[in-house]
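The structure appears right after this line, and notes come after that.
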Amino acid sequence: MAVTEQDKAWDKAIKAGDKSFHQGQYGEAEVQYQKALQIAESFSKDDPRLLVSLNHLADLYRVQGWYAEAEPLYRRVLGMVEKTAGAEHANLAAVLCNLAGNFRAQGIYNEVEPLYRRALAIYEKAKPPDHLEVANCLHSLADFYRVQGKYSQAEPLFRRALQLRENTLGPHHSSVAQSLIQLALLHRSQGRHSQAQQLQERAVRIIEQHMGPEHPSLANELANLAELHRLQGNWQESEQLHKRALAMREQALGAEHPSVSSSMSQLALLYHTQGKFEEAEKYYKKLVARREKDWGAEHPYVAEALNNLALLYEDEGMYVEAEPLYWKALSIVEKSLGPEHPDVAKRLTSLAGLYTEQGKFQEAERLYQWALGILEKTLGPENPEMAATLKKYASMQEKLRSRSEAAKTDILWQG
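First residue of the sequence shown? That's 51 in our numbering, and the numbers climb one at a time after it.
Set out below in structure tokens:
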């Protein structure tokens, strides 16, 4: 078939969008993907380029946190694939995984597991049991369980995915490194830091072997390894690794790339943990400015940076400076993710902690109860985040009781 001008234009737009996407130039990527979609709409209804255009644009929106914009695109792709390929085709499973990831990012967890389970059933029926797409789906479902605190359900899935990848690709393949990384994160979530470090170090060796010593992917995993050292109190090792990761990101991607902000955040946390408040504040302020520039002033990443800066001020006893930052972070998260997202509960808990430190127990109690209501509804009563928030709430109540008893004693003594 002859290649038309429309064919060439679509191919050019998709390639330009992909290039901008990988460089972190999301605005330009959107322009190109929208152009590709507009062209693809003029092709026949069963032309695969329409699916490609929709999926690329949906992925772009999801990466930027624009989940509401991504969802209808994924649903449209899902309907098209189900209609043309059938309800048990492997391509349908891939779309189900994308949609599940979009719901997970929004905290709509009741939608996530059924989608991953359906995708896994399709893959296991359509593919050989040792196929990599089976491993990838196992990996996604396991990671979902990990973030929910369902560690006993997550670990066997992670280990099965790791074994499938090792058997199929060999022990030194980059996909094996990804399984090692996720299993390391699982151990880290459980406080098993030495086991996590062994897995993370193995992953770093694999990635360095494949990508070279200056690749941004290596920088990501050096940063994760640095975090494990921080959690174990190995400050010097952690700082060296974080600074190496930062230098690699700046060299490979440029000082303005969003991943540089990640290194700033991690270095700020390291200095904060050590009580080096001046150094931490410098990085936190830079981080807020960078994330506002990269993502816009109303993005959850900005809220996270503001929350961390507020926590630093709280630890320094600068409550007046901390309070408006906590409220601003809460407002951003409510607006961008919705009033019942688990991240809203996290911001409420942070603000409640500040009020507890100030002795404003009535305000703190209202915020804790609000946060607990969100967590019980979205994550369930057995989630570790729920337990951690209950522990903080109980600590606040104990401080209130102690203060009340001390006040009664003072009255009796004065009488």
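Yeah, the Cβ is synthetic: ideal placement off N, Cα and C, and Gly gets one too.
| Check | Outcome |
| --- | --- |
| Residue burial classification, M51 (beta-carbon count within 10 angstroms, cutoff 16) | Note that M51 scores 49 on pLDDT, short of 50, meaning its location in the model is unreliable and no value can be drawn from it. |
| Segment contact flag, the segment 189–196 with the segment 157–169, C-beta cutoff 8 angstroms, min 3 pairs | yes |
| Residue ranges of each alpha helix (DSSP H) within the segment 165–241, 4 or longer | 182–197, 201–219, 224–239 |
| Given V102 as reference, the closest of W116, Q84, Y117 once Cα atoms are compared | Q84 |
| Beta-carbon separation (whole angstroms), R299 vs S313, contact threshold 8 angstroms | 6 angstroms |
| Nearest-angstrom beta carbon gap, A421 and A395 [assumed within contact, 8 angstroms] | 4 angstroms |
| Residues near N148 in its chain [Cβ-Cβ closer than 6 angstroms; skip 5 each side] | Y124 |
| CB contact flag (E258, A276, <9 angstroms) | no |
| Straight-line Cα distance separating T218 from L107 | 32 angstroms |
| CA-to-CA distance, P98 to M446, given in whole angstroms | 58 angstroms |
| Stretch-stretch touch, CB-based, cutoff 8 angstroms, three pairs: the segment 438–455 with the segment 401–416 | yes |
| Contact set for A330: own chain, Cβ-Cβ below 6 angstroms, skip 5 residues either direction | A318, Y321, H322, L362 |
| Rounded Cβ spacing between V162 and F153 (contact assumed at less than 8 angstroms) | 5 angstroms |
| Element boundaries [alpha helix (DSSP H), containing F93] | Where F93 is concerned, there is no enclosing alpha helix (DSSP H), given that its DSSP letter is neither H nor E. |
| A86 and G74 closer than 9 angstroms at C-beta | no |
| N- and C-terminal bounds of the alpha helix (DSSP H) containing H72 | 55–72 |
| Proximity of P266 and A302 at Cβ, strictly below 9 angstroms | yes |
| As assigned by DSSP and simplified to three states, the class of M130 | helix |
| Of the residues K336, H139, E426, the one placed nearest K176, counting alpha carbons only | It is Ala, not Lys, that sits at residue 176 in the sequence shown. The shortest Cα separation from A176 among K336, H139, E426 belongs to H139. |
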